Structure formats: structure tokens, C-alpha cells
Amino acid sequence: MEMVVKNSNTFKAQKLRPVAMAMTMAFSVLLTGCKSEAEVEVSKPVVRPVFVEVVSNVQVADLSFSGTISSASRADLSFRTSGRVVDMLVKEGDQVEEGQLIAKLDSADAEIALTSAQVELNNARSEYQRAKTLFEQRQSISKSQFEELTLRFNLAQNQHAEALRRLDDTNLRAPFSGVVSRTLIDNHVLVQSNEVVASLHDLSQLDVTIHVPESVMTRNTEATQIFAQSPIAPYEKLSLTLKKYETEPDPVTGTYAVTFAVDSKEGSRLLPGMNVQVYSSGQKGETTAIQVPLSAVVPDNMGNQYVWVVDGQNTLSKRTVFTGSLNGERVQVSNLQLGEKVVVSGTQKLQEGIAVRPQVAEAY
Numbered sequence: 001m002e003m004v005v006k007n008s009n010t011f012k013a014q015k016l017r018p019v020a021m022a023m024t025m026a027f028s029v030l031l032t033g034c035k036s037e038a039e040v041e042v043s044k045p046v047v048r049p050v051f052v053e054v055v056s057n058v059q060v061a062d063l064s065f066s067g068t069i070s071s072a073s074r075a076d077l078s079f080r081t082s083g084r085v086v087d088m089l090v091k092e093g094d095q096v097e098e099g100q101l102i103a104k105l106d107s108a109d110a111e112i113a114l115t116s117a118q119v120e121l122n123n124a125r126s127e128y129q130r131a132k133t134l135f136e137q138r139q140s141i142s143k144s145q146f147e148e149l150t151l152r153f154n155l156a157q158n159q160h161a162e163a164l165r166r167l168d169d170t171n172l173r174a175p176f177s178g179v180v181s182r183t184l185i186d187n188h189v190l191v192q193s194n195e196v197v198a199s200l201h202d203l204s205q206l207d208v209t210i211h212v213p214e215s216v217m218t219r220n221t222e223a224t225q226i227f228a229q230s231p232i233a234p235y236e237k238l239s240l241t242l243k244k245y246e247t248e249p250d251p252v253t254g255t256y257a258v259t260f261a262v263d264s265k266e267g268s269r270l271l272p273g274m275n276v277q278v279y280s281s282g283q284k285g286e287t288t289a290i291q292v293p294l295s296a297v298v299p300d301n302m303g304n305q306y307v308w309v310v311d312g313q314n315t316l317s318k319r320t321v322f323t324g325s326l327n328g329e330r331v332q333v334s335n336l337q338l339g340e341k342v343v344v345s346g347t348q349k350l351q352e353g354i355a356v357r358p359q360v361a362e363a364y
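UniProt numbering applies: residue 1 is where the sequence shown begins, and numbers increase by one.
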């Protein structure tokens, strides 16, 4: 009888076990669903508030733009043939004259080829001259024989000229007088044809290039003086002369490149790559320019500058700008349009494409 009761209890337990497991699984699913809902609520993006300023024009009497120094004549020097460098004759900073030898390649093979070409040329010339005498005197030589010897002589001349050129190609010479700005090889290095081995700048002829907005390009200003100032000589004005300007804007910034020539005597202390500030003064009347707070302009690791622009959907985008003259805590910039909103505070912590809540800054 006890055996029957025990089996009955075991049977009931076995029947209840699936029910318990089902309840446990349902409870787990319920907890998981609650957790997912909680996670969704936490991951909602936070719209960050930012202070902005609406872009507008201001009246300025004098224009100013950031410029970059470059040499009017610059060349990357390379051999026209491949070979092993046996003599690098200059170093960085050396002053060289036009035609001066910069480097030499191993010329043994070229010299042997020239010797062979010279021997062939001498033989061909002798036979040609003898045949010419005989042909003109109507002696024992036909016209076809004379033409054959003439052709051989011409080919020998061409081969000799080619051998001379190949020997000359083992020498690298300065195409103009200037300063060696960098060298890229050492002695005993194998170089390929057209591989740059040195760079040359003519520091006696320097240019300054600036980028100006369309509002300046289309304005008929009558400036009596254009000059530049460098941070290394802030009290010295460098006279500039307009050299050239582009008629198509930069596709990224929408600005036009304008290049000025620097007086060689005044610009002797400047080097390519240095930054200067270019001013134009003595204009008849005023012109308009766009200025933003200095805090709105952010430099990047490539040497460029940009601002954060808030579009109509309150989304951030990065815009490259060129800076001009300073006016207290504000700076003249290009590549912005009237009515656009520019972030003026907390620019270092922003990211491209995020949503923001713009608030117009008061008297920033």
C-alpha cells in the first residue's frame, strides 16, 4: 500500500515539473522585455544646446587676409636616367648657381657607350668623305653605294649624340640659381629615373597668395597700397604687386586665389611656407565683410581652420574658412553665407552630423 502512495506522489511531481518550467521561462521573458524597454529609454540621443551667432555683414574700411609665402621659382630635381649615386655635392641650405652640379651617377657604362659611338662615327665619317669624293668625280662608286654610306654616317651621328646625352644625364645640374630646400638621397643609393633627389627654391623672387571671397573679387576698389606684415618682423611693411588671380573659385571654400609679388629686397628674410597678413588700404569708401567671434574658429591638425555651421534641421556640419584681419575679439572670415548660424561656444567638443538646439548668443 505504501508503495502505491509513493508512486502516486512521484507521478504528481512529474506532472507539475513542466508547468513550473513554463512559468520560469515566461517570467524570464517578461524580465528581458522590461530590460530592453529600459535600455531603449537610456539610449535616446540627447539634443545638445549650443550658442550660435547669425552671420551678417559689417562695414570695414581696410581689408586684410591671411597669406602664405611661396617662391616664384621652385623645382623638384631628378635624374632622367636610373643609376647609383656616386657624389651628392650639396646639402640643405646651400646656395647654388644656375648650371651648378648637384649630384652625379656612376657614368662608367655611359662612357663606354660614348667611346664606341665615337669610333663608329669616325669610321663612318671617313668612308662617307671618301665615297663623296669618288661620287663627285664620277669614279668607281654607284649612287646607291654612296647613299648607303651617307645613311650610315647619319646614323652614326645620331648614335653619338644619343651617347653624349646619356652621359650628360648622369649629371644633375641646377636649372636656376637658388637655395637647396631639401635633399632626399645620400651617396651610393640606387635611384630611378624621375625620382626626386633634391628641391630648389629661388628666394630672390617670392610670392604671397591669399584667398578672398566673391564680395571682394566683384568690388571695384581703388587701393593705393597693398602690403604684407610677417610675425617675424611685425613693424616692417612689405610692398606687394598684383601678379595674377584665379577666375574660378575653390570648390570647397568658394574663394578665389590671388597672388602678389614681394619686392626681392624687402622679402629677403622670408621663407616659403611662412604666414603673413596682407592688407589693402587707401580705398575710396568702405566695403562689407563677414566677421565672427574668435572662439568660433577652430584649427585642425592639417593647418586649416573651420567653423561649425547649424543647418535648417539643426544639424552640425564642419565648414573650412580663411581668416583675415582681427577686430578686437572678432576675426574676418570667408566661405560663409549671410543668415547662416555659426556655433560660438564649446566648439572643441562637437561632432559632425549631431543634432543640436541652437540658442542665439547675446552680444557675443
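Here a beta-carbon is modelled for each residue, glycine too, at the ideal position from N, C-alpha and C. Given the structure is predicted, the values throughout are model-derived calculations rather than measurements.
With DSSP run on the structure shown, which of helix, strand or coil describes residue i?
i           : result
L350        : coil
A361        : coil
T150        : helix
N171        : strand
F260        : strand
R138        : coil
T183        : strand
V344        : coil
residue 365 : With the chain running from 1 to 364 in the structure shown, residue 365 is simply not present.
V216        : helix
L190        : strand
residue 375 : No answer is possible for residue 375: it lies beyond the span of the chain, which begins at 1 and ends at 364.
V309        : strand
T133        : helix
N304        : coil
L270        : coil
S144        : helix
V119        : helix
Looking only at its own chain, which residues have a Cβ that is under 6 Å from the Cβ of residue i, when we skip the five neighbours before and after it?
i    : result
N304 : T320
D94  : V180
L30  : Annotation note: pLDDT 49 at L30 (below 50); position unreliable, coordinate value reported separately. Around L30: no qualifying Cβ.
G83  : L105 and D106
A117 : Q159, H160 and A163
G324 : S64, F65 and Q332
Ignore the nearest five residues each way along the sequence and tell me which others in residue i's own chain have a CB closer than 8 Å to its CB.
i    : result
D207 : I69, S70, S71, A72, K243, T259, F260, A261 and V262
P249 : E214, T255 and Y256
F176 : S73, A75, E98, L200 and D202
May I ask you to list the residues that DSSP assigns as paired with residue i?
i    : result
F227 : S239 and Y279
T209 : T68 and T259
Q291 : Q332
S199 : D76 and R182
A355 : T315
K244 : T259
A124 : Bridge partners of A124: none, in fact.
A233 : S230
If you drop the 5 nearest sequence neighbours on each side, which residues of the same chain put their C-beta closer than 7 Å to that of residue i?
i    : result
E329 : P293 and L294
Y306 : V298, D300, K318, R319, T320 and V321
N194 : S78
I185 : V85, M88, V191 and V197
Using a Cβ-Cβ distance under 9 Å, would residue i count as near chain B?
i    : result
S126 : This model lacks chain B altogether, as it is built from one protein chain only.
The ligand NAP and residue i: does the residue's C-beta get closer than 8 Å to at least one heavy atom of that ligand?
i    : result
Q145 : Inclusion of the ligand NAP in the displayed structure is not the case, the ligand content being empty and no account of it being possible.
Requested in this report: Please confirm if the stretch 83-100 is in contact with the stretch 141-159, defined as three or more CB-CB distances below 8 Å between the two stretches.
Outcome: The stretch 83-100 makes no contact with the stretch 141-159, as fewer than three CB pairs between them are under 8 Å.
Requested in this report: Flag this pair as touching only if the stretch 166-173 and the stretch 118-128 have three or more C-beta atom pairs under 8 Å; answer yes or no.
Outcome: no
**Report entry** Start-end ranges of the beta strand (DSSP E) lying completely within the stretch 46-115, minimum 3 residues
**Finding:** 48-54, 57-60, 63-71, 74-78, 83-88 and 101-105
Query - Segment contact, 8 Å Cβ cut-off, at least three pairs: the stretch 290-302 with the stretch 341-348 - result: yes
Query raised in the report: Of all the alpha helix (DSSP H) runs that stay within the bounds of the stretch 312-340, which reach a length of 4 or more residues?
Result: none
Query raised in the report: Touching or not, the stretch 347-361 and the stretch 301-318, by the rule of three or more beta carbon pairs under 8 Å?
Result: yes
Query raised in the report: How do the stretch 45-57 and the stretch 229-237 stand: do at least 3 beta-carbon pairs fall below 8 Å, yes or no?
Result: no
Query raised in the report: Three or more beta-carbon pairs under 8 Å between the stretch 73-85 and the stretch 191-211, yes or no?
Result: Three or more pairs of CB atoms, one per stretch, sit closer than 8 Å, so the stretch 73-85 contacts the stretch 191-211.
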